[in-house]
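A.B. asks: Counting from 1 along the sequence shown, just add 1 to a position and that's the residue number in the numbering used here.
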Amino acid sequence: MTQRQILVTAALPYANGPIHIGHLVEYVQTDIWVRFQKLRGHRCIYICADDTHGTAIMISAKEQGVSEEQYIERMHAEHQRDFAGFDIQFDNYGSTHSQENRQLCEQFWASIRKAGLVKEENIEQLYDPQAETFLADRFVRGTCPKCHATDQPGDNCSVCGHHYSPTELIDPISKISGATPQVRQAPHLFIQLRQLHEFLDEWTQGGDHLQPEVANYLKGHFLHEPLRDWDISRPAPYFGFEIPDSPGNYWYVWFDAPIGYMASTRQWCDAHGEDFADWWQNEQTEVHHFIGKDIQYFHCLFWPAMLKTAGFNLPTKIHIHGFLTVGGAKMSKSTGTFVMAATYLKHLDPAYLRYYYASKLTPRVDDLDLNLDELVTKVNADLVGKVVNLASRTAKFVAGSGLSAAYPDDKGLFQYAAGKGEEIAEAYEQCDYNRAMRLVMELADRANPYVEAAEPWKLAKDPDRAAQLQDVCTVALNLFRQLAIYLAPVLPRLASQTGDLLGQPIRHWNESRSPLVACQVNKFQHMMKRVEPKQVQAMIEQSKETAASGPVGSFPDSGDPLAAEPLAPEITFEDFVKVDLRVARVVAAESVPDARKLLKLTLSLGGDERRTVFAGIKSAYAPEDLVGRLVVCAANLAPRKMKFGVSQGMVIASGSGGKEVFLLSPDEGALPGQRVH
């Protein structure tokens, strides 16, 4: 088999919220395909990044009281944590807010300018007078100008599919403030896609770049008439990259987001001593994009046009999937089916969802339904009852003696399964995971009757039949290993556990063709538990609680503390600066005899400056745990004479009292004596 060089991307998750199980359809689908290609021996890298620009990020950062950079860094860490929890293994996970992306955007822009594709004109745009910002499409809702469906977003109607400008909406409303937007003029830059119409028509309708239904959709909705010019800039204020030759204007997020694929690739190349051009300007390299059907317009028209103009590889294939429903309905916060990735991982094994999605995914652009009762049944019957069962019922009998020196007669079971390898591989290649899983389970259905008939648990009771027992277990464990190889792209942990059990790591698809003999069998370690319905229900209940506590996002804060203790009357800045807050270090701490709540703290404000402070935190902190800790101290309070001594300040804490007390601490690196501004 000729080794292929393949670059694979999944759509960049927007850095404005956590990963949920709907997102995971795509990242699991892509991860399975990449793992399969690597198992076949091809050079394949999986590239992704956070999509970090736009008005939404700017607004969310402001709401959280942090900079945009701090906000996206936090989300970047959360996203990577959640993906890793589901065994999604990127070769590089970057960010569109990177120097590599800025440089590539400038390179693309120079090529597009040189090709004469850019024009500038004043356009009318919706402006929120309360939020004092121009409104991105996603922050406007109104009535569709074509079919008159209400509550539609600012770019296209979810009912009739019509694309329009936000200014065409009837009765628009700002989602940011609820205000009625004003129409204001601002200069915008456009890419004249109509000049590339012939190329895009040929590329989308010819070859095997797109699924047939996607090609037909593009032809019927866009390519049947001259393409609209693409509005590629946004005026300040906007979080993104300022356009070098158009001060005060920024590239629209959909311009720099797909270039983020390339920027992340460049980071990987720099880290591994690879030539970037070998991956993006090499006809021998395949480029495969995995995306949802909601963004096919951008990836199948705008993106190829940009790549063509700038002289980079066009996509070999764009694999498009549908949306996720749960129980036949949209994911819902109120019913608990809008499940965050982090919530799922607290209750269920990620292998369950990976296998369930694989069993449902086909090469078509179909929506995928997650039926939670079916998930329980399918995992328990297929993975636990058919696959792991082969190992759990036999490995313990040969843990000391190992496998037979020669492969026994199994009535053709192993060779039959080996012969199915290419058919299963072709199903993976075509993203027909549903078919691949059915073929694998058919093999499991052939293997299990062999063990049932041989009854190794009875053979183990007769010392004279030890050789026969070893042969039976050798067959069962080899059939199990075949299944583990075929399932390795979907269940990487099971593949790893199989390698540990038999002392032979699974490294290549072709290992399914040859049985193992005369090798050591290690002690069987638990591989996969049955799913209990109560685990699923606990996940749903927690999802309901999360939804009830506030908006889904990275920081779902309850409003209860504010309601319990409303804001104090407004003060002036001059009032505030009278309080001298200083970083202090606790150098000694002790309990106060006869005081239920108080600890006596000795604070260093740097040098020889010390303060004695009595703090009502005894129920929450042990004295020995406080020594050496940095705290914030109100250092210029008048001394207060107390029964137990004089308190020369106050340490700053939050909470409702009792054990609900939380000292505020500066980050390590702050120095005692520094003022808190």
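Virtual Cβ for every residue (Gly too), placed ideally from N, Cα, C.
Just to confirm the assignment: which complete alpha helix (DSSP H) runs, minimum length 4, are found wholly within the stretch 224-285?
C.D. replies: Within the stretch 224-285, the complete alpha helix (DSSP H) runs of at least 4 residues are 254-273 and 278-281.
A.B. asks: Would you call the stretch 308-327 and the stretch 113-124 touching, i.e. three or more CB-CB distances under 8 Å?
C.D. replies: Touching, yes, given that three or more Cβ pairs across the two stretches are closer than 8 Å.
A.B. asks: Verify whether the separation of the beta carbon atoms of aspartate 92 and alanine 258 is less than 8 Å.
C.D. replies: No, the pair does not count as a contact, with Cβ atoms beyond the cut-off.
A.B. asks: Going by the beta-carbon positions, is the gap between aspartate 446 and threonine 363 smaller than 8 Å?
C.D. replies: Not in contact: aspartate 446 and threonine 363 (Cβ atoms no closer than 8 Å).
A.B. asks: Classify tyrosine 165 as helix, strand or coil using the three-state DSSP reduction.
C.D. replies: Coil, per DSSP.
A.B. asks: Take the Cβ of glutamate 203 as the centre, count every other Cβ of all protein chains shown within 10 Å, and call the residue buried at 16 or more, exposed below.
C.D. replies: It is exposed - the Cβ of glutamate 203 has fewer than 16 other Cβ atoms within 10 Å.
A.B. asks: Taking DSSP as the reference, what is the three-state secondary structure of lysine 331?
C.D. replies: Looking at lysine 331 - three-state DSSP - the assignment turns out to be coil, as it is neither helix nor strand.
A.B. asks: Per the contact definition of three or more C-beta pairs closer than 8 Å, is the stretch 458-465 in contact with the stretch 379-389?
C.D. replies: The stretch 379-389 vs the stretch 458-465: no contact.
A.B. asks: Give me the Cβ distance between alanine 635 and glycine 617, rounded to the nearest whole Å; I'm assuming they're in contact under 8 Å.
C.D. replies: Not a contact, Cβ separation roughly 14 Å.
A.B. asks: Is it true that the CB of histidine 163 sits closer than 8 Å to the CB of lysine 147?
C.D. replies: Yes; because the gap between Cβ atoms is below 8 Å, this pair is in contact.
A.B. asks: What whole-angstrom Cβ distance do alanine 342 and phenylalanine 87 have, given they're in contact under 8 Å?
C.D. replies: Contact flag correct, Cβ pair sits at about 7 Å.
A.B. asks: Return the chain-ordered list of same chain residues with a C-beta closer than 8 Å to the C-beta of arginine 611, the five sequence neighbours on each side being excluded.
C.D. replies: Only Val588, Thr603, Leu604 and Ser605 meet the Cβ criterion.
A.B. asks: Distance check for tyrosine 298 and leucine 8, CA to CA, integer angstroms please.
C.D. replies: Cα-Cα distance, rounded: 21 Å.
A.B. asks: Decide yes or no for the touch test of the stretch 124-139 against the stretch 200-219: beta carbon pairs closer than 8 Å, at least 3 of them.
C.D. replies: No, the stretch 124-139 is not in contact with the stretch 200-219.
A.B. asks: Roughly how many angstroms separate the alpha carbons of glutamine 81 and tyrosine 94, rounded to a whole number?
C.D. replies: Rounded to the nearest angstrom, the two C-alpha atoms are 8 Å apart.
A.B. asks: Which residues does DSSP list as the beta-bridge partners of methionine 643?
C.D. replies: Beta-bridge pairing links methionine 643 to Gly646.
A.B. asks: Could you tell me the alpha carbon to alpha carbon distance between leucine 444 and leucine 40, rounded to whole angstroms?
C.D. replies: Roughly 20 Å between the two C-alpha positions.
A.B. asks: Pick out whichever of Thr151, Val614 and Gln4 has its Cα sitting closest to the Cα of arginine 586.
C.D. replies: For arginine 586, the nearest C-alpha among the options comes from Val614.
A.B. asks: Please confirm whether tyrosine 47 and glutamine 90 have their CB atoms less than 8 Å apart.
C.D. replies: Against a cut-off of 8 Å, the Cβ pair of glutamine 90 and tyrosine 47 comes out as a contact.
A.B. asks: Around the C-beta of asparagine 17, are 16 or more other C-beta atoms found within 10 angstroms, so that it is buried, or is it exposed?
C.D. replies: The residue in question, asparagine 17, is buried, as its Cβ has 16 or more Cβ neighbours within 10 Å.
A.B. asks: Can you tell which of Gln483, Val532 and Ile507 has the C-alpha that lies nearest to the C-alpha of leucine 373?
C.D. replies: Out of Gln483, Val532 and Ile507, Val532 has the C-alpha closest to the C-alpha of leucine 373.
A.B. asks: What is the DSSP secondary structure of glutamine 183, counted as helix, strand or coil?
C.D. replies: Note: glutamine 183 maps to strand in three-state DSSP.
A.B. asks: Where methionine 442 and arginine 267 are concerned, what is the direct C-alpha to C-alpha distance, given to the nearest angstrom?
C.D. replies: Going by the C-alpha atoms only, they are around 40 Å apart.
A.B. asks: For valine 441, which three-state DSSP category applies?
C.D. replies: It is helical.
A.B. asks: To the nearest angstrom, report how far apart arginine 235 and leucine 201 are at their CA atoms.
C.D. replies: So the two alpha carbons sit approximately 25 Å from each other.
A.B. asks: Ordered along the chain, which non-local residues of its own chain (more than five positions away) have a Cβ less than 8 Å from that of glutamate 275?
C.D. replies: Counting only Cβ-Cβ distances below 8 Å, and skipping sequence neighbours, we find Trp269.
A.B. asks: Tell me where the beta strand (DSSP E) around cysteine 106 begins and ends.
C.D. replies: Cysteine 106 -> not in any beta strand (DSSP E); alpha helix (DSSP H) instead, spanning 100-115.
A.B. asks: Would the beta-carbon of leucine 414 fall within 8 Å of that of tyrosine 451?
C.D. replies: Yes, they are a contact pair.
A.B. asks: Asparagine 584 and proline 493: beta carbons closer than 8 Å?
C.D. replies: Here residue 584 turns out to be valine, not asparagine, going by the sequence shown. It is not a contact, given that the beta carbons lie outside the stated cut-off.
A.B. asks: Could you say which of Thr344, Phe324 and Leu219 lies nearest to cysteine 301 if we only look at CA atoms?
C.D. replies: The shortest C-alpha separation from cysteine 301 is found at Leu219.
A.B. asks: Use the C-beta contact count for histidine 678: other C-beta atoms within 10 angstroms, 16 or more gives buried, fewer gives exposed.
C.D. replies: So histidine 678 ends up on the exposed side.
A.B. asks: If you run the structure through DSSP and keep just helix, strand and coil, what is valine 614?
C.D. replies: Reduced to three states, the DSSP call for valine 614 is strand.
A.B. asks: Taking Cβ positions, are alanine 12 and arginine 139 nearer each other than 8 Å?
C.D. replies: No.
A.B. asks: Buried or exposed for valine 389, going by 16 or more other Cβ atoms inside 10 Å?
C.D. replies: The residue is buried, with at least 16 neighbouring Cβ atoms inside 10 Å.
A.B. asks: Report the residue ranges of all beta strand (DSSP E) runs contained in full by the stretch 25-63; include only those spanning at least 3 residues, in chain order.
C.D. replies: Correct list: 44-51.
A.B. asks: What did DSSP end up calling glutamate 424 once you bin it into helix, strand or coil?
C.D. replies: Glutamate 424 falls in the helix class under three-state DSSP.
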